[in-house]
Every structure is written in C-alpha cells, then in structure tokens.
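Notes follow once the structure below has been shown.
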Amino acid sequence: MSALRLSELGSDPESVLRLVRFFDDLDATGADAVLEAAQAVAGCPVHVRWDGSAPEVWLERDAPAHPLDGVLLDRVRHALGDIGARVPPSFGDPALVEVVLSSRERPEDRARAIRLLGLDESREVRVLAVSAQSSPEALRVITSALTSVSVRTADLGTATAVVCQGRTNTRALSDELDQAIVTAFPAPLPAGADRGPWVGLGAAGGVFAAPTSWAQALRALRFASSTGFGRRAVAYERLSALELLAELPPEATRGSHALTRINEIAATPAGRLQVETAEAFCVFGSLRRTAEELHVHHSTVAARLAHIESQLGWDMDDPLDRFSATLVLMIRRIALSSAELTD
Numbered sequence: 001m002s003a004l005r006l007s008e009l010g011s012d013p014e015s016v017l018r019l020v021r022f023f024d025d026l027d028a029t030g031a032d033a034v035l036e037a038a039q040a041v042a043g044c045p046v047h048v049r050w051d052g053s054a055p056e057v058w059l060e061r062d063a064p065a066h067p068l069d070g071v072l073l074d075r076v077r078h079a080l081g082d083i084g085a086r087v088p089p090s091f092g093d094p095a096l097v098e099v100v101l102s103s104r105e106r107p108e109d110r111a112r113a114i115r116l117l118g119l120d121e122s123r124e125v126r127v128l129a130v131s132a133q134s135s136p137e138a139l140r141v142i143t144s145a146l147t148s149v150s151v152r153t154a155d156l157g158t159a160t161a162v163v164c165q166g167r168t169n170t171r172a173l174s175d176e177l178d179q180a181i182v183t184a185f186p187a188p189l190p191a192g193a194d195r196g197p198w199v200g201l202g203a204a205g206g207v208f209a210a211p212t213s214w215a216q217a218l219r220a221l222r223f224a225s226s227t228g229f230g231r232r233a234v235a236y237e238r239l240s241a242l243e244l245l246a247e248l249p250p251e252a253t254r255g256s257h258a259l260t261r262i263n264e265i266a267a268t269p270a271g272r273l274q275v276e277t278a279e280a281f282c283v284f285g286s287l288r289r290t291a292e293e294l295h296v297h298h299s300t301v302a303a304r305l306a307h308i309e310s311q312l313g314w315d316m317d318d319p320l321d322r323f324s325a326t327l328v329l330m331i332r333r334i335a336l337s338s339a340e341l342t343d
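In structure tokens form, the structure reads like this:
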C-alpha cells in the first residue's frame with residue numbers, strides 16, 4: 001500500500017474516501033500497527049487510551065488542525081475497535097505486561113507498552129502477584145472481586161502478574177480479595193484439595209512505578225497462608241515491620257526450639273489439627289469464633305490449645321505468649337508458603 005499523508009489531502013469528498021479506504025484496507029493485526037500507520041498518515045504522534053472497551057484517540061500536533069483530522073480519528077477508533085473485538089482487551093498482551101513490569105526496559109518502551117495495553121498513563125496502577133494450582137479458576141475468583149477495574153495479566157515465572165487500574169484503597173481491596181478467596185475455598189481445606197489462590201498486593205503508584213509494585217507483590221505473596229486460617233490476600237503496605245520477617249534466612253529459623261517443636265507436632269494427623277487450631281485461634285482471637293470457623297465445639301478448641309500450650313510452655317491468655325505463638329506460626333507459614341512458591 002502506497003504511503004498516504006494528510007498533508008497531501010484536501011477536504012473534498014475524494015480525499016475523505018481515500019482516507020477511509022486506506023484504513024479499511026489496512027492489514028493490521030494489532031493496535032501497534034494501527035497506531036504506526038495512523039502516525040505516518042497524520043505526520044504527528046497519535047495516542048490512544050481505553051476507557052472500558054471503547055478507545056479514546058487523539059493527535060499530538062503543534063501545527064494547525066487538518067480538515068480531515070476528525071475522519072482520521074474516527075477510522076483509527078474503528079480499526080482499534082475491530083482489533084479489540086478479535087482480541088478481548090480485558091487481559092491484554094502478556095508480552096506487553098512483561099515490558100511494563102520490567103525495570104530493565106527503556107522508559108519509552110514501557111510507555112509504549114502501557115498505551116498499547118489501553119492503560120491510562122495519568123492514573124495509578126497496582127500489581128498483584130497470584131499463585132494458584134488452577135490459574136483459570138484463580139483468575140475467575142480474583143477478577144470477580146475486581147469490579148470496575150481494568151485488568152491485564154501475564155504468567156511470569158511461578159506467579160501470575162495482574163496489573164489493575166481503578167482501585168486505590170489498599171485495605172478495602174485486600175479484604176475483598178481475601179473474602180472472595182475464603183468464600184470460594186473455605187477452611188478447613190480437605191487433604192489434597194485445591195488450596196485456592198494466594199495473592200500479594202503491591203502498592204498503587206504511577207504507571208512507571210509498576211516494577212516496584214510487582215516486586216512488592218511478590219514479597220507480600222510469601223506471607224499468604226499455606227494453611228486455611230491465615231490471610232489468602234496480603235497487601236505489602238499492611239505488613240509494616242512484619243515485612244522484616246521475610247529477611248530471615250532459613251538456617252536462622254531452623255534453630256528455633258518453638259518452630260522445631262511445632263513442626264514435630266504437625267507431623268502427625270492429630271498434631272496437625274492442633275497446630276491448625278492454634279493458628280485459627282491466633283487469627284480469630286476467641287474460643288467461640290475459632291470453634292465456629294472450625295465447625296467444632298469450643299471445648300474441642302480448648303483441648304487442642306491446651307495440648308499445644310503444654311508442649312510449648314505457652315499460656316494463650318497471656319498477651320506475650322499469644323504474641324509469641326502468632327509470631328512462630330507466621331514464620332512457619334512464610335517458610336511453608338515460600339517452599340511451595342519455589343516448587
């Protein structure tokens with residue numbers, strides 16, 4: 001196809017038809033090709049932003065407007081809409097997502113990838129790190145909680161990156177995601193059952209801070225529970241000083257008497273129930289609430305806790321002992337989760 005330039009066209013009907021035919025005949029398989037062709041025709045940068053499923057297109061031109069600018073923008077929107085119909089924009093191109101999340105890429109390449117994904121450069125993005133045994137089901141559960149949010153995904157290593165734009169309240173988002181996962185995969189989890197997704201949430205920030213948010217999400221993911229009674233969705237910003245626990249080397253934790261004893265107790269079926277009950281109690285804070293979550297009588301919870309207390313020398317009514325128990329169980333959870341994440 002011969003090159004076409006707006007500067008060579010007038011405002012007559014024949015010029016309009018030539019411009020329309022150019023885009024109708026354009027054999028473009030992606031938004032990138034459409035934008036490159038449009039920029040060549042316009043003689044200036046052409047920008048696009050998706051608001052939902054409809055692309056918004058505009059020209060960045062210092063020169064006076066051309067009479068056919070409106071026609072060109074309409075044909076670009078139409079071409080991008082056709083591509084969007086063939087390739088659903090809700091999840092985006094994984095290769096482009098990888099560029100957005102890589103701090104090694106040039107800023108101009110990341111900016112181009114952001115535009116091609118249909119993300120708004122002026123709005124904050126947040127990156128989630130998702131680990132799941134069944135990725136499609138995990139994404140279904142997670143995206144069901146991401147209402148009114150633009151979502152782009154890519155599988156990167158052992159985790160799925162979810163770039164989302166539209167939610168900035170960290171506490172509300174992490175709580176909603178956690179509840180959605182718990183509802184879909186309620187505890188206690190049967191042996192061998194799908195544990196459901198674990199989610200780490202990075203902080204929201206400008207689109208060029210996406211690599212930082214991704215690194216934070218991966219770090220928070222290590223705190224997601226490898227058992228049924230911890231958090232399934234963990235926000236990096238809510239970890240505060242607890243984030244320092246991720247720095248503990250494995251050899252340092254192996255020397256902990258309490259951690260060693262907990263692992264020994266959990267090695268038997270009865271002991272595993274006792275440890276899970278202790279973890280649930282640390283999460284829910286009372287015998288009655290723990291019993292409700294475990295679907296057992298509160299006297300059963302008390303008996304299991306009494307055995308753990310006798311083995312570890314803890315008194316769960318003592319604030320310091322309860323803090324120690326919570327800390328030991330959290331360190332154990334991080335170790336178990338980290339081991340599974342690297343499998």
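Numbering (the UniProt record's numbering), first residue to last: 1 to 343.
Beta carbons: idealized from backbone N, C-alpha and C, even for Gly.
Where residue i falls, given that 16 or more other Cβ within 10 Å makes a residue buried
| i | result |
| --- | --- |
| glycine 230 | buried |
| arginine 5 | exposed |
| serine 134 | exposed |
| histidine 66 | buried |
| serine 337 | buried |
| threonine 183 | exposed |
| threonine 158 | exposed |
| leucine 59 | buried |
| serine 150 | buried |
| alanine 193 | exposed |
| glycine 206 | exposed |
| arginine 106 | exposed |
| glycine 196 | buried |
| phenylalanine 185 | buried |
| phenylalanine 281 | buried |
| threonine 153 | buried |
| glutamate 8 | exposed |
| leucine 218 | buried |
CB contact below 8 Å: residue i versus chain C
| i | result |
| --- | --- |
| valine 99 | The chain labelled as chain C is not found in the depicted structure, where only one protein chain is given. |
Residue i - DSSP class collapsed to helix/strand/coil
| i | result |
| --- | --- |
| alanine 203 | coil |
| valine 296 | coil |
| serine 256 | coil |
| valine 149 | coil |
| cysteine 164 | strand |
| aspartate 155 | strand |
| tryptophan 214 | helix |
| histidine 78 | helix |
| histidine 307 | helix |
| glutamate 56 | strand |
| alanine 339 | helix |
| alanine 3 | coil |
| alanine 193 | coil |
| alanine 233 | strand |
| proline 64 | coil |
Rounded straight-line distance, which links the Cα of residue j to that of residue i
| i | j | result |
| --- | --- | --- |
| leucine 26 | alanine 187 | 54 Å |
| phenylalanine 23 | serine 240 | 53 Å |
| alanine 233 | leucine 177 | 6 Å |
| leucine 312 | isoleucine 262 | 8 Å |
| residue 346 | alanine 246 | No information on residue 346 is available, as it lies outside the stretch 1 to 343 that the chain covers here. |
| valine 48 | leucine 117 | 10 Å |
| alanine 325 | histidine 257 | 12 Å |
| arginine 140 | methionine 316 | 39 Å |
| glycine 255 | leucine 327 | 15 Å |
| residue 345 | alanine 33 | This structure cannot speak to residue 345, because the chain is shown only from 1 to 343. |
| valine 41 | glycine 70 | 13 Å |
| arginine 61 | glycine 43 | 8 Å |
| serine 299 | alanine 270 | 16 Å |
| valine 127 | proline 136 | 18 Å |
| glutamate 251 | alanine 335 | 11 Å |
| glycine 10 | valine 57 | 22 Å |
| phenylalanine 284 | alanine 209 | 35 Å |
| phenylalanine 323 | valine 100 | 40 Å |
| alanine 303 | histidine 295 | 15 Å |
| arginine 167 | threonine 268 | 43 Å |
Inter-residue CB distance, residue i and residue j (contact presumed, cutoff 8 Å)
| i | j | result |
| --- | --- | --- |
| leucine 259 | threonine 277 | About 17 Å; that fails the 8 Å criterion. |
| valine 199 | alanine 224 | 7 Å |
| arginine 77 | valine 20 | The pair is not a contact, with the Cβ atoms about 13 Å apart (cut-off 8 Å). |
| isoleucine 331 | threonine 253 | 6 Å |
| leucine 341 | leucine 201 | Their Cβ separation, rounded to whole angstroms, is 16 Å, which puts leucine 341 and leucine 201 out of contact at 8 Å. |
| leucine 72 | alanine 113 | Not a contact, Cβ separation roughly 24 Å. |
| proline 55 | leucine 80 | 4 Å |
| valine 301 | threonine 290 | 5 Å |
Alpha helix (DSSP H) segment containing residue i, residue limits
| i | result |
| --- | --- |
| arginine 126 | Element bounds for arginine 126: not the alpha helix (DSSP H) but the beta strand (DSSP E), 126 to 131. |
| alanine 280 | 269 to 284 |
| residue 348 | In the structure displayed, the chain extends from 1 to 343; residue 348 sits before or after that span and is not available. |
| aspartate 318 | No alpha helix (DSSP H) holds aspartate 318; DSSP gives it neither H nor E. |
| arginine 21 | 13 to 24 |
| proline 107 | 107 to 116 |
| serine 95 | The sequence shown places alanine at residue 95, not serine. Taken as a continuous stretch (DSSP letters only), the alpha helix (DSSP H) holding alanine 95 covers 94 to 101. |
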